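Novice: Everything in the sequence shown is counted per our numbering, starting at 659 for the first residue and increasing by one. We put the beta carbon where it would ideally sit given N, CA and C, even for glycine. In this text, all values refer to a predicted model and were calculated from it rather than measured experimentally.
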Amino acid sequence: MKKFAAVALLLIAFASASAAFAGADAKATLEQGNQQYEKGDFEGALTSYLSLTRLGFGGPALYYNLGNVYYRKGDRGHAVLWYERAARLDPRDSDVQFNLALARSHIKSEGTNYLERAATYFSENELAVTASLFSIAFFGLLGLAAIGRLKGDVWPALLISLSAAGLLVS
Numbered sequence: 659m660k661k662f663a664a665v666a667l668l669l670i671a672f673a674s675a676s677a678a679f680a681g682a683d684a685k686a687t688l689e690q691g692n693q694q695y696e697k698g699d700f701e702g703a704l705t706s707y708l709s710l711t712r713l714g715f716g717g718p719a720l721y722y723n724l725g726n727v728y729y730r731k732g733d734r735g736h737a738v739l740w741y742e743r744a745a746r747l748d749p750r751d752s753d754v755q756f757n758l759a760l761a762r763s764h765i766k767s768e769g770t771n772y773l774e775r776a777a778t779y780f781s782e783n784e785l786a787v788t789a790s791l792f793s794i795a796f797f798g799l800l801g802l803a804a805i806g807r808l809k810g811d812v813w814p815a816l817l818i819s820l821s822a823a824g825l826l827v828s
């Protein structure tokens, strides 16, 4: 039993150490990418930032930096992609929204509709909570209708709550 505890303790120590080194390496890579960007080495910055995403790191700041690099390189499509990813995680960041609008203005498209703009205003967590509430309302109304507690025409309310939940989830 003591050997098992010692081995488990060693494994935990090695796992913690490797996680700490990975975090330190990621921070160094991010700083290197930032320095390359400031010097105008956009290709080097792009390589540094993309290596972080391949390692599983992400977040609105990294995605914003990737959008900036692609924008500076003239690749507006990829810039919009990374700005949208940043905006999805932090929809109220004014810098991200400004740069996203700027990059989109350089791309010819049919534009976004009102539902798409409304969906991108809220974060994924806010949309998930709202969809859950509509789903609860749907199943609650369905349950009340099944046991005969609701009088009148309940089907429009059921359809509306189910449709709203479906729109938010998609």
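Are three or more beta carbon pairs between the stretch 728 to 735 and the stretch 744 to 751 nearer than 8 Å?
Specialist: no
Novice: Buried or exposed: which applies to Ser-754, given that a residue is buried once 16 or more other Cβ atoms fall within 10 Å of its Cβ?
Specialist: Looking at the sequence shown, residue 754 is not Ser but Val. Around the beta carbon of Val-754, 16 or more other beta carbons lie within 10 angstroms, which makes this residue buried.
Novice: Could you round the C-beta distance between Leu-758 and Glu-742 to whole angstroms and report it? I think they count as a contact, below 8 Å.
Specialist: 7 Å
Novice: By the DSSP assignment, the alpha helix (DSSP H) with Asp-753 in it spans what residues?
Specialist: 752 to 763
Novice: Any idea what DSSP makes of Ser-706, helix, strand or coil?
Specialist: In the structure shown, Ser-706 adopts helical secondary structure according to DSSP, grouped into three states.
Novice: When DSSP labels each residue in this structure, what does Ala-815 get in the three-state scheme?
Specialist: helix
Novice: Output needed for Ala-815: all residues of its chain with C-beta closer than 6 Å, excluding positions within five of it in sequence on either side, in chain order.
Specialist: Leu-799
Novice: Could you check what DSSP says for Ser-781 in three-state terms: helix, strand or coil?
Specialist: coil
Novice: As a quick exercise: from Asn-723, Ala-719, Pro-718, pick the residue whose alpha carbon is nearest that of Thr-705.
Specialist: Asn-723
Novice: If you measure between the beta carbons of Tyr-721 and Ala-744, is that distance less than 7 Å?
Specialist: yes
Novice: When the Cα atoms are used, what is the spatial distance from Arg-712 to Asp-683?
Specialist: 13 Å
Novice: For Tyr-779, is the classification buried or exposed, using 16 other Cβ atoms within 10 angstroms of its Cβ as the cut-off for buried?
Specialist: exposed
Novice: With distances taken between CB atoms, is the gap from Arg-762 to Val-738 smaller than 7 Å?
Specialist: yes
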